């Protein structure tokens, strides 16, 4: 079997220093490799990982260094509980950076997700909360950090952004991340931002809302602005979205702009939805307000950025529905956070992979079916991992791949 590759996923993860005793029976790189491949094939816990590896033992021996066969599920558990999540994250980001192609000018969505059954203390039931950065066009997760609760996203977001290359990227964050320090950090790292605005910034929200609502009523007479109108119909509903952008931020007031010097434009998104499939024909209407450092009036650009932010919700949906993340009961130490990274590594690869029929036409399959394909046929798994390689221990005379 040809397991040759030119650039390796595990090339990055080999940088994690060995933290176990010198008499450890299983190479750390092999443990991480098996875990990644098992999750790619649908494993949802350490017993699953061990069982999958035992079933694929003979095949794994052709691509990995396994001097003592397959580690037990307890070994996997102990290793990933003790594995430093920040070092694991740093290696994950190096790998993600290798996958970033032409990310300049793209939208980077930052959002949080709670691992609902991962509470570390049973008496308090405080689950792990993760903040993720998602490159929406490439469908690529660039990084994640854990925080003890959703309320601490404010402190986790700057730490996560500090680990990423933001040059020419436009960061989109919901109202939780609408903070002066976060805006200053993004622009200080040569990035841009579109931040949702709500009552957690009451003065700014009130003034921006008043200015934009009055501008819409008066058709922004004499003010630099842009507007785009789009209507979509399907799935039993009709939705109309109108987006306005205005760069006349001076009307917010000098005092407010001293605190928010990065603001160069205000955006409002108006959504009207009619559910014509319902007997009662329910409808909804709402307006949402945003701030940005972009000093132009291209409303279509802002509409794309704000709408693409929901791509991170699609990723969360895949993790819950396809990988059953919310039902995972790993709780001890760093186990839940590190297993979550394994899922995201797998999700990145599966979303990037396009399986094809024998006639060369692409197959339209979701994440769950892609996992089954990898499990059913090791050739598919090798295809998913084609560009990644593990260095072989000296003296074995084989080339190894994961």
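In our numbering, the protein residues as written are 860 to 1261.
The C-beta atom is built at its ideal place from N, Cα and C for all residues, glycine as well.
Being a predicted model, the structure only gives us computed values, none of them experimental.
7 Å CB neighbourhood of residue 918 in its chain, flanking five on each side removed: 1237
What runs of the alpha helix (DSSP H), each 4 residues or longer, lie entirely inside the region 1108-1159? 1113-1118
Buried or exposed: residue 1060, going by 16 or more other Cβ atoms within 10 Å of its Cβ? buried
Just reading off the beta strand (DSSP E) that residue 1032 is part of, what are its end residues? 1029-1032
Three Cβ pairs or more, each shorter than 8 Å: is that satisfied between the region 1123-1130 and the region 1063-1082? yes
Going by C-alpha distance, which of 1099, 1121, 1156 is nearest residue 1145? 1099
For residue 1284, which three-state DSSP category applies? Nothing can be reported for residue 1284, as the shown portion of the chain is limited to 860 through 1261.
Compute the Euclidean distance between the alpha carbons of residue 1015 and residue 1219, then round it to the nearest angstrom. 44 Å
Status (buried if at least 16 other CB within 10 Å, exposed otherwise) for residue 818: As displayed, the chain neither begins before 860 nor continues past 1261, which places residue 818 out of reach and without an answer.
Can you find at least 3 beta carbon pairs, one from the region 1082-1102 and one from the region 1030-1049, that sit closer than 8 Å? no
From the DSSP secondary-structure annotation, give me the bridge partner or partners of residue 936. Beta-bridge pairing links residue 936 to no other residue.
What residue from 1202, 920, 1055, 1239 has the CA that sits closest to residue 905's CA? 1202
Please report the distance separating the alpha-carbon of residue 895 from that of residue 943. 17 Å
Residue 877 - containing alpha helix (DSSP H), residue span: Looking at the DSSP string, residue 877 is not in any alpha helix (DSSP H), and its letter there is neither H nor E.
Look at the Cβ atom of residue 1227, then the Cβ atom of residue 901, and state whether they are nearer than 9 Å. yes
Would you mind sorting residue 1217 into buried or exposed? The rule is 16 or more other CB atoms within 10 Å of its CB. exposed
Which residue or residues does DSSP assign as beta-bridge partners of residue 968? 993, 1031
Return the first residue and the last residue of the alpha helix (DSSP H) that residue 1229 is part of. 1226-1235
How about residue 1025 and residue 1050: do their beta carbons lie closer than 9 Å? yes
Quick one: what's got a C-beta closer than 8 Å to residue 1134's C-beta in the same chain, skipping five residues either side? 1095, 1096, 1140, 1141, 1142
Using three-state DSSP, classify residue 1014 as helix, strand or coil. helix
Would a C-beta distance cut-off of 9 Å place residue 991 and residue 1000 closer than the cut-off? yes
Alpha carbons only, please: which of 1102, 1151, 1111, 1116 is nearest the one belonging to residue 1131? 1102
So, are the CB atoms of residue 948 and residue 1200 less than 9 Å apart? yes
How about residue 1005 and residue 1023: do their beta carbons lie closer than 9 Å? no
Hey, how far is the Cα of residue 812 from the Cα of residue 1161? Given a span of 860 to 1261 for the chain in the structure shown, any question on residue 812 remains unanswerable.
Mapping DSSP to helix, strand and coil, what is residue 1064? helix
Could you compute how far the alpha carbon of residue 1083 sits from the alpha carbon of residue 1092? 31 Å
What does residue 953 pair with, by DSSP beta-bridge criteria? DSSP lists no partner for residue 953.
List the residues that DSSP assigns as beta-bridge partners of residue 1168. Answer is none; residue 1168 lacks a bridge partner.
In DSSP terms, what residue 908 is bridged to: Paired residue(s): none; residue 908 is not in a bridge.
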